[in-house]
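Here is the structure we will look at, set down as structure tokens.
Chains as they are written, first to last, in my numbering: chain V, -9 to 295; chain X, 70 to 315.
Here it is as structure tokens:
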């Protein structure tokens, strides 16, 4: 890998060297390194672009890194990655995609991830998106994520996109069986003329299933964001969605929280708030000696932390 | 003089027409002084604090700090010269932790031990608070004490507190008084200006300034001014305070 690719790898996966545990690094459409372990097997798909990741039942405290790096202008790819997580596992999966596009053609990576999570398994999933490069070509990421959770499984998803991605359409669906628990934490900042759409469809299908989908976002400059989260309760369950946004400059934000209850035992809550940075917050930090711009940065950094 | 207000006027035009908030206010505060500004509600006390911090600009008159005319300076410039300002309603920040706020206040990286020291001085158990977010999960009294800890961390020549007792419960008020007594004892050249009408705070003042009707009606040593205020809304006792809240 070249230095640009290595730098992007640091941004999206905090990786400085080859990660511990299982990994698959994809650079400009080709595999740049792969390792399976005794419990985690990574294989290429035969009839499509992408990989299958199979984690043996009972695997604990192991991790899988599957970062993707694009540094070639004009590259467009759709990749299908399927995760099969056995019963009673406790694992961390780190994905993420970085695009460096200094050329004039659009670069696009559409990663379709499917998670099949076995009973009582616990998964922490971290996905970071990052873009850079001053070419006219756009940096486009359209991730699709499907999560199928068996009884009493738990998944925590952390999705972060802070800089440089021109256009994103994210579609996340989840189906939860009895006792399954899903937590989603999304952090998003858009700037320039960027556009980001994030759609969640979460179905709570079994008794005691719960979901907590929380998005915090900042829209700067002339960027546009749409957050569309629908939680459906088909059984006695708990669902909560929250969208909390800071709007700046000429940014635009559309928040569409939706709840659908098909069972009298479904307890569903949504919260949505959009507003500019409070003047008193700026004043407070300025009385501590920060300039207005520095105060803004501190407030945004804290908000997206 | 460390701080001097000369012929300060502040008026606004709103729905009610033209309102003179401050008509002609002049006073000076020397080094190492603990000064309390009191007076009835609506008399213009908070406006004076905002004018000193630069949050509000006067319609007329000048403000001098260490001999320099700071009237045209903005909030940031005044803060950097050595003025701290504790707001009447402390501000909440989603995601910013107590330690972040203390570091911003100090203007440098703080060790955990230093941060803990500031929190202990305002009666907070550092271990419980240092990584707490400064958000709605904190009570009014906790926020107020964190606000005061940030002023301690700044350690500037002049610290202005706008009604530090506002919005806190009686128990927190007792410990707040102790914090001010300690600040009073370790004042060392710096000056403290507190806007308050609590008798307990007036009692630890060197000087008292009474502001009413947009002007200064009294300014002098505590021993001269305080006896004239007892029993008036300018010097509320603990019992008055309870009644006022209910």
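Note that CB positions come from ideal geometry on N, CA and C, so glycine has one too.
All values derive from a computational prediction rather than experimental measurement.
For residue j and residue i, the rounded distance between their alpha carbons
i: residue 124 of chain X; j: residue 162 of chain V; result: 45 Å
i: residue 140 of chain X; j: residue 74 of chain X; result: 10 Å
i: residue 171 of chain V; j: residue 106 of chain V; result: 14 Å
i: residue 269 of chain X; j: residue 247 of chain X; result: 10 Å
i: residue 272 of chain V; j: residue 294 of chain X; result: 37 Å
i: residue 96 of chain V; j: residue 196 of chain X; result: 50 Å
i: residue 9 of chain V; j: residue 180 of chain X; result: 32 Å
i: residue 62 of chain V; j: residue -6 of chain V; result: 11 Å
i: residue 85 of chain V; j: residue 20 of chain V; result: 16 Å
i: residue 107 of chain X; j: residue 159 of chain X; result: 20 Å
i: residue 202 of chain X; j: residue 165 of chain X; result: 5 Å
i: residue 147 of chain V; j: residue 116 of chain V; result: 6 Å
i: residue 182 of chain X; j: residue 193 of chain V; result: 48 Å
i: residue 188 of chain X; j: residue 222 of chain X; result: 10 Å
i: residue 154 of chain V; j: residue 181 of chain V; result: 8 Å
i: residue 3 of chain V; j: residue 151 of chain V; result: 12 Å
i: residue 137 of chain V; j: residue 113 of chain X; result: 60 Å
i: residue 281 of chain V; j: residue 270 of chain V; result: 14 Å
i: residue 124 of chain V; j: residue 213 of chain V; result: 17 Å
i: residue 183 of chain V; j: residue 240 of chain V; result: 10 Å
i: residue 111 of chain X; j: residue 82 of chain V; result: 59 Å
i: residue 71 of chain X; j: residue 97 of chain X; result: 8 Å
i: residue 77 of chain V; j: residue 213 of chain X; result: 49 Å
i: residue 175 of chain V; j: residue 143 of chain V; result: 18 Å
i: residue 289 of chain V; j: residue 274 of chain V; result: 11 Å
i: residue 249 of chain X; j: residue 258 of chain X; result: 16 Å
Beta carbon proximity, residue i to chain X, threshold 8 Å
i: residue 261 of chain V; result: no
i: residue 118 of chain V; result: no
i: residue 293 of chain V; result: yes
Beta-carbon proximity of residue i to residue j, cut-off 8 Å
i: residue 71 of chain V; j: residue 89 of chain V; result: no
i: residue 25 of chain V; j: residue 13 of chain V; result: yes
i: residue 197 of chain V; j: residue 225 of chain V; result: yes
i: residue 200 of chain V; j: residue 178 of chain V; result: no
i: residue 256 of chain X; j: residue 245 of chain X; result: no
i: residue 273 of chain X; j: residue 104 of chain X; result: no
i: residue 48 of chain V; j: residue 75 of chain V; result: no
i: residue 251 of chain X; j: residue 190 of chain X; result: yes
i: residue 60 of chain V; j: residue 103 of chain V; result: no
i: residue 147 of chain X; j: residue 175 of chain X; result: no
i: residue 271 of chain X; j: residue 229 of chain X; result: no
i: residue 222 of chain V; j: residue 260 of chain V; result: no
i: residue 163 of chain X; j: residue 292 of chain V; result: yes
i: residue 54 of chain V; j: residue 43 of chain V; result: yes
i: residue 284 of chain X; j: residue 94 of chain X; result: yes
i: residue 126 of chain V; j: residue 94 of chain V; result: yes
i: residue 109 of chain X; j: residue 281 of chain X; result: yes
i: residue 265 of chain V; j: residue 237 of chain V; result: yes
i: residue 204 of chain X; j: residue 161 of chain X; result: yes
Anticipated Cβ contact below 8 Å, residue i with residue j, distance rounded
i: residue 220 of chain X; j: residue 265 of chain X; result: The pair is not a contact, with the Cβ atoms about 15 Å apart (cut-off 8 Å).
i: residue 29 of chain V; j: residue 15 of chain V; result: About 20 Å; that fails the 8 Å criterion.
i: residue 233 of chain V; j: residue 245 of chain V; result: 5 Å
i: residue 226 of chain X; j: residue 260 of chain X; result: 7 Å
i: residue 217 of chain X; j: residue 155 of chain X; result: 6 Å
i: residue 219 of chain V; j: residue 247 of chain V; result: 6 Å
i: residue 92 of chain X; j: residue 78 of chain X; result: 6 Å
i: residue 231 of chain X; j: residue 115 of chain X; result: 5 Å
i: residue 159 of chain V; j: residue 204 of chain V; result: Contact doesn't hold; Cβ gap of about 20 Å is too wide.
i: residue 353 of chain X; j: residue 184 of chain X; result: A query on residue 353 of chain X cannot be resolved here, the shown segment of chain X reaching from 70 to 315 and no further.
i: residue 111 of chain V; j: residue 141 of chain V; result: Between residue 141 of chain V and residue 111 of chain V the Cβ distance is about 10 Å, and since that is not below 8 Å, they are no contact.
i: residue 11 of chain V; j: residue 52 of chain V; result: 5 Å
Beta carbon proximity, residue i to chain V, threshold 8 Å
i: residue 306 of chain X; result: no
Given a limit of 9 Å on CB to CB distance, which residues of the region 147 to 163 of chain X reach chain V? Under the 9 Å Cβ criterion, the region 147 to 163 of chain X contributes 147, 148, 149, 152, 153, 154, 155, 156, 158, 159, 160, 161, 162 and 163.
In chain order, what residues of the region 96 to 125 of chain X put their CB closer than 7 Å to some CB of chain V? Here the close residues are 122 and 124.
Closer than 7 Å between beta carbons: that is the criterion. Which residues of the region 163 to 183 of chain X meet it against chain V? From the region 163 to 183 of chain X, only 163, 164, 165, 169, 173, 174 and 176 have a Cβ closer than 7 Å to chain V.
May I ask you to list, following chain order, the residues of the region 262 to 289 of chain V that have a beta carbon less than 8 Å from some beta carbon of chain X? Identification of residues in the region 262 to 289 of chain V having a C-beta nearer than 8 Å to some C-beta of chain X yields 268, 270, 271, 273, 274, 275, 276, 277, 278, 279, 280, 281, 282, 288 and 289, given in sequence order.
Of all the residues that make up the region 205 to 224 of chain X, which are near chain V by a beta-carbon distance shorter than 8 Å? Residues passing the 8 Å Cβ filter: 219 and 223.
Using a Cβ cut-off of 7 Å, which residues of the region 131 to 145 of chain X contact any Cβ in chain V, in chain order? Against chain V - using a Cβ distance shorter than 7 Å - the residues of the region 131 to 145 of chain X are 144 and 145.
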